[in-house]
Amino acid sequence: MSAAVAVIPEKPAPLGWQEKWTLRYAVMGLLFLALSGFEGILMRTQLLAPGALHGMEEILNHLRPGNPSTEELYYAMLTAHPVVGIYGFAYMCVMGAFYFLVPFLLKRPIRHPRLMVANFWLQAIGVMICWSAGFFGLFNSLYTLYWPLPVSYDRVPLAGSIAFVTGAAVIMVNILLFSYNIFSTVLSKSNPNRYRIGQFLRAAFGISRLMKWLGKEDREAPNLDYNGLPVFIVAVARGSIDTVINAVVLLTAGALILVYGLAALFRNPLNPLAIDPLVYKNWFWWGLDMVADGNVLMYTAGTWYLLIPLLVNRRLYGEAVVRTVIMVDLLVSMGVWSHHLLGDRAQPLAMRLLSGQFITWGEFITMGLTIFASLMTIWLARPVRFTPALRCILGSIFGFIMGGTAGLIQANVGLNLVLHNTQWVVALHAHTLLLTGLGMLLFAVIYTLVPMLTQREIRSGWLVQAHFWLWMIGSVTMAYGLGAAGTRGMLRRTLYLDGSYGPFLAVGWVGAVMVGLGFLAFLVNIVGTLGWHNLLSLVVPEPGPQERPLPAEA
Amino acid sequence: MDRAEKVWLGVLLSVALLANALTLSPLVPWQRWLLWSRPIPAKSYTIEVEGYQFRLPAQGIEVQAGEFVEFVVTSHDVTYGFGVFRPDGTMVFQMQVLPGYQNRIVWRFDEPGWYHIRSTEYSGPKHSSMWVPDAIHVLPAQEVAR
Numbered sequence: 001m002s003a004a005v006a007v008i009p010e011k012p013a014p015l016g017w018q019e020k021w022t023l024r025y026a027v028m029g030l031l032f033l034a035l036s037g038f039e040g041i042l043m044r045t046q047l048l049a050p051g052a053l054h055g056m057e058e059i060l061n062h063l064r065p066g067n068p069s070t071e072e073l074y075y076a077m078l079t080a081h082p083v084v085g086i087y088g089f090a091y092m093c094v095m096g097a098f099y100f101l102v103p104f105l106l107k108r109p110i111r112h113p114r115l116m117v118a119n120f121w122l123q124a125i126g127v128m129i130c131w132s133a134g135f136f137g138l139f140n141s142l143y144t145l146y147w148p149l150p151v152s153y154d155r156v157p158l159a160g161s162i163a164f165v166t167g168a169a170v171i172m173v174n175i176l177l178f179s180y181n182i183f184s185t186v187l188s189k190s191n192p193n194r195y196r197i198g199q200f201l202r203a204a205f206g207i208s209r210l211m212k213w214l215g216k217e218d219r220e221a222p223n224l225d226y227n228g229l230p231v232f233i234v235a236v237a238r239g240s241i242d243t244v245i246n247a248v249v250l251l252t253a254g255a256l257i258l259v260y261g262l263a264a265l266f267r268n269p270l271n272p273l274a275i276d277p278l279v280y281k282n283w284f285w286w287g288l289d290m291v292a293d294g295n296v297l298m299y300t301a302g303t304w305y306l307l308i309p310l311l312v313n314r315r316l317y318g319e320a321v322v323r324t325v326i327m328v329d330l331l332v333s334m335g336v337w338s339h340h341l342l343g344d345r346a347q348p349l350a351m352r353l354l355s356g357q358f359i360t361w362g363e364f365i366t367m368g369l370t371i372f373a374s375l376m377t378i379w380l381a382r383p384v385r386f387t388p389a390l391r392c393i394l395g396s397i398f399g400f401i402m403g404g405t406a407g408l409i410q411a412n413v414g415l416n417l418v419l420h421n422t423q424w425v426v427a428l429h430a431h432t433l434l435l436t437g438l439g440m441l442l443f444a445v446i447y448t449l450v451p452m453l454t455q456r457e458i459r460s461g462w463l464v465q466a467h468f469w470l471w472m473i474g475s476v477t478m479a480y481g482l483g484a485a486g487t488r489g490m491l492r493r494t495l496y497l498d499g500s501y502g503p504f505l506a507v508g509w510v511g512a513v514m515v516g517l518g519f520l521a522f523l524v525n526i527v528g529t530l531g532w533h534n535l536l537s538l539v540v541p542e543p544g545p546q547e548r549p550l551p552a553e554a
Numbered sequence: 001m002d003r004a005e006k007v008w009l010g011v012l013l014s015v016a017l018l019a020n021a022l023t024l025s026p027l028v029p030w031q032r033w034l035l036w037s038r039p040i041p042a043k044s045y046t047i048e049v050e051g052y053q054f055r056l057p058a059q060g061i062e063v064q065a066g067e068f069v070e071f072v073v074t075s076h077d078v079t080y081g082f083g084v085f086r087p088d089g090t091m092v093f094q095m096q097v098l099p100g101y102q103n104r105i106v107w108r109f110d111e112p113g114w115y116h117i118r119s120t121e122y123s124g125p126k127h128s129s130m131w132v133p134d135a136i137h138v139l140p141a142q143e144v145a146r
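Sequences listed follow chains A and B, in order. Each residue of the first sequence is one higher than the one before, starting from 1 at the first, in our numbering. Each residue of the second sequence is one higher than the one before, starting from 1 at the first, in our numbering.
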């Protein structure tokens with residue numbers, strides 16, 4: 001694999017089928033990042049200078065029904081923004097990267113290559129339906145969908161609600177298809193005894209290891225390190241269990257909202273309070289947190305474990321331990337959701353303490369060990385060359401440390417009382433994890449994969465530097481500016497129309513603009529590296545996957 | 001597991017134990033009554049929320065600094081938040097207000113003054129307007145003695 005990075009021929013070969021589709025995923029993901037980022041800057045502007053966007057609103061209102069208020073537009077944008085950012089940008093990039101890396105590392109083609117194409121289109125269509133439900137349909141229930149707001153049609157437009165859950169359903173079904181394809185590729189790995197799904201799950205959750213520890217070895221179980229699969233594949237496989245649970249749970253919530261929507265559409269409305277909002281909230285967050293505190297941690301850990309040894313040319317430090325850590329991460333993710341319900345006094349105290357606080361600290365242990373193994377690998381490989389990808393990996397580790405620490409502070413039964421739903425949560429925790437942590441990680445993957453896929457080196461070192469520092473300083477500045485506003489009582493999910501918290505918002509706005517400029521530098525560099533010929537070739541259809549089924553051949 | 005990993009794991013576990021012990025202890029002022037002493041409140045106020053409106057008790061909310069007061073907040077339509085803020089805008093405490101539940105919290109105000117109430121959870125496009133200035137009057141403790 002390192003040879004694939006190092007050897008850059010003078011005249012690169014044209015892109016193959018697999019390479020093109022991987023790049024299409026990356027390009028579409030980056031387009032969604034641009035859209036989500038633009039919305040983010042618009043919302044920051046609106047908070048900083050209420051009324052500043054009235055001119056733009058009036059023009060765009062020609063495209064929308066009725067004459068929506070500034071608040072309706074703001075909250076509709078706030079609803080679409082995370083869906084585009086997470087399911088558009090992050091998932092698109094993750095899907096593209098995994099569709100390349102999993103067969104590459106297994107030395108076996110993806111099991112259902114045409115599903116790779118279907119996944120691309122379904123994901124893009126699903127995200128755009130959700131976005132349109134906000135932009136045109138003014139759906140404004142926010143991504144949290146707290147019951148019964150999404151079915152309270154005096155506050156949320158009925159058509160927008162139906163459109164949003166339809167788009168969300170397309171995304172979730174698509175994620176299930178993607179996970180099926182990844183699982184079936186991993187499980188079909190050649191070995192003397194193929195895995196069965198039950199064996200796979202027993203090994204994934206550590207049941208077979210527990211039985212062995214108790215002296216009751218499960219002889220049917222595959223060996224404990226997934227028959228010697230690369231640690232990245234182990235992380236992808238275990239993380240994808242969370243991905244599946246997340247998709248199934250959100251599908252059920254969406255189906256419920258859809259049933260209420262259709263009943264209202266046919267003038268036979270159902271009673272929203274027939275559903276217990278606390279039970280719904282527990283179910284919803286249990287599933288949603290499989291992303292925030294589940295697969296993202298395992299996917300991130302797996303990607304660090306893959307890229308760092310590759311980039312510093314040294315075996316991963318403590319590989320046996322990190323394999324166990326990934327398993328513990330999966331177990332922790334099953335019970336960690338209640339930190340989102342610490343503000344709910346109706347939630348039993350035992351749940352708030354156990355699932356809300358103590359199990360959340362399990363992530364501190366697992367991520368602490370993960371980061372330790374990653375940094376030790378780099379340390380022991382000294383002297384190392386700070387390539388663009390390695391620089392971004394260090395940036396992502398910094399982001400996870402900073403955002404994770406903020407998360408631990410707010411996931412506390414006592415401290416949550418003054419932090420819940422403030423800008424602290426969304427700025428210092430969520431956006432630091434997503435922009436600084438996950439964003440930098442995905443840039444590291446792109447900086448690694450683009451030379452592998454195109455056999456071209458990243459064009460401008462200067463633009464890499466500009467991208468890295470603008471993005472890092474900008475995202476941290478934004479987080480601190482808005483986080484400081486949060487400690488002074490500024491709420492998230494609230495549009496202040498009186499110009500409150502102006503100085504903090506100004507700092508946050510400057511940070512957001514720096515992030516935007518950093519992204520532009522990245523985009524210019526990537527477009528320059530790919531070249532217009534390659535970029536245009538991405539919109540030209542090709543015969544099919546038969547030409548180059550295995551990316552290793554590239 | 002080599003020695004460096006064991007040492008690091010020990011550091012992580014120690015930090016986790018220390019942080020949890022400190023933040024659950026009475027060193028965090030409100031943990032004294034929310035977790036440990038569970039006092040019987042001197043007063044209880046019921047607040048209802050519906051249609052983006054807080055319905056406060058007709059006689060107003062007047063408490064004395066240092067005494068325990070209970071807020072029981074119920075919603076008749078969607079989920080709201082019940083947040084109490086100081087005059088400078090900083091938050092004193094908040095809780096979620098789930099419809100169909102009696103959402104309760106006991107608090108002790110230490111500083112006299114007028115406190116605002118704001119919904120801390122999004123409940124629809126008019127959510128930003130859910131702000132009641134000077135909703136809670138906290139009297140100085142010495143006035144009680146007098």
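We put the beta carbon where it would ideally sit given N, CA and C, even for glycine.
Check whether the Cβ of residue i lies closer than 8 Å to any Cβ atom in chain B.
i, result
"Gly461(A)", "no"
"Gly489(A)", "yes"
"Gln46(A)", "no"
"Tyr143(A)", "no"
"Glu364(A)", "Reading off the sequence shown, one finds Phe at residue 364(A), where the question assumed Glu. Taking Cβ atoms only, chain B reaches closer than 8 Å to Phe364(A), which makes this a yes."
Could you confirm whether any beta carbon from chain A is found closer than 8 Å to the beta carbon of residue i?
i, result
"Val132(B)", "no"
"Lys126(B)", "yes"
"Asp77(B)", "yes"
"Val28(B)", "yes"
"Ile105(B)", "yes"
"Gln53(B)", "no"
"Trp33(B)", "no"
"Pro99(B)", "yes"
"Leu18(B)", "no"
"Gly10(B)", "no"
Could you tell me which of the options sits nearest to residue i, measuring between CA atoms?
i, options, result
"Val328(A)", "Thr370(A), Leu288(A), Pro348(A)", "Thr370(A)"
"Lys107(A)", "Met77(A), Leu229(A), Glu319(A)", "Leu229(A)"
"Thr487(A)", "Phe120(A), Val117(A), Asn421(A)", "Asn421(A)"
"Arg70(B)", "Trp131(B), Asp77(B), Gln94(B)", "Inspection of the sequence shows that residue 70(B) is occupied by Glu rather than by Arg. Ranking the options by Cα distance to Glu70(B), first place goes to Gln94(B)."
"Leu380(A)", "Ile308(A), Val127(A), Leu270(A)", "Ile308(A)"
"Gly335(A)", "Asp498(A), Ala444(A), Arg155(A), Phe358(A)", "Phe358(A)"
"Gly483(A)", "Gly66(B), Gln53(B), Thr90(B)", "Thr90(B)"
For residue i, which residues of its own chain have a beta-carbon under 7 Å away from its beta-carbon, when the five flanking residues on both sides are left out?
i, result
"Ile241(A)", "Ala204, Leu330"
"Ile129(A)", "Ala163, Thr166, Gly167, Val170"
"Gly356(A)", "Ser338, His339, Leu341, Leu342, Ala411, Val413"
Alpha carbon to alpha carbon, how far is residue j from residue i? Give it in angstroms, no decimals.
i, j, result
"Thr300(A)", "Lys43(B)", "51 Å"
"Gly437(A)", "Leu33(A)", "15 Å"
"Ala159(A)", "Asn282(A)", "27 Å"
"Leu353(A)", "Thr360(A)", "10 Å"
"Val510(A)", "Leu42(A)", "12 Å"
"Pro41(B)", "Val325(A)", "46 Å"
"Leu177(A)", "Tyr146(A)", "27 Å"
"Arg493(A)", "Leu142(A)", "8 Å"
"Ser183(A)", "Ala237(A)", "Strictly speaking, residue 183(A) in this sequence is Phe, with Ser absent from that position. Each residue's Cα considered, the two are about 7 Å apart."
"Leu306(A)", "Ser374(A)", "10 Å"
"Leu201(A)", "Leu187(A)", "11 Å"
"Lys216(A)", "Gly206(A)", "13 Å"
"Thr45(A)", "Leu53(A)", "8 Å"
"Met490(A)", "Tyr122(B)", "13 Å"
"Gln102(B)", "Gly83(B)", "16 Å"
"Glu71(A)", "Pro39(B)", "42 Å"
Near residue i, what residues of its chain come up, given a Cβ to Cβ distance below 6 Å and the 5 sequence neighbours on each side ignored?
i, result
"Met376(A)", "Tyr317"
"Tyr75(A)", "Asn140"
"Trp8(B)", "none"
"Ala253(A)", "Phe284"
Taking 8 Å as the limit between beta carbons, can you name the residues of its chain near residue i, skipping five residues before and five after?
i, result
"Arg24(A)", "Gly96, Phe120, Leu538"
Runs of alpha helix (DSSP H) lying entirely within the stretch 105-143 of chain B, each at least 4 residues, in chain order | Taking only runs of at least 4 residues, no alpha helix (DSSP H) segment lies wholly in the stretch 105-143 of chain B.
Any chance you could list the alpha helix (DSSP H) runs of at least 4 consecutive residues sitting entirely within the stretch 259-306 of chain A, in chain order?
-> DSSP runs (the alpha helix (DSSP H)) wholly in the stretch 259-306 of chain A: 277-290.
Tell me the start and end of each unbroken alpha helix (DSSP H) in the stretch 447-524 of chain A that is at least 4 residues and wholly inside, in chain order.
-> Segments of the alpha helix (DSSP H) lying fully in the stretch 447-524 of chain A: 461-487.
Taking the runs of the alpha helix (DSSP H) that are 4 residues or longer, which of them lie wholly in the stretch 337-407 of chain A?
-> Correct list: 359-380.
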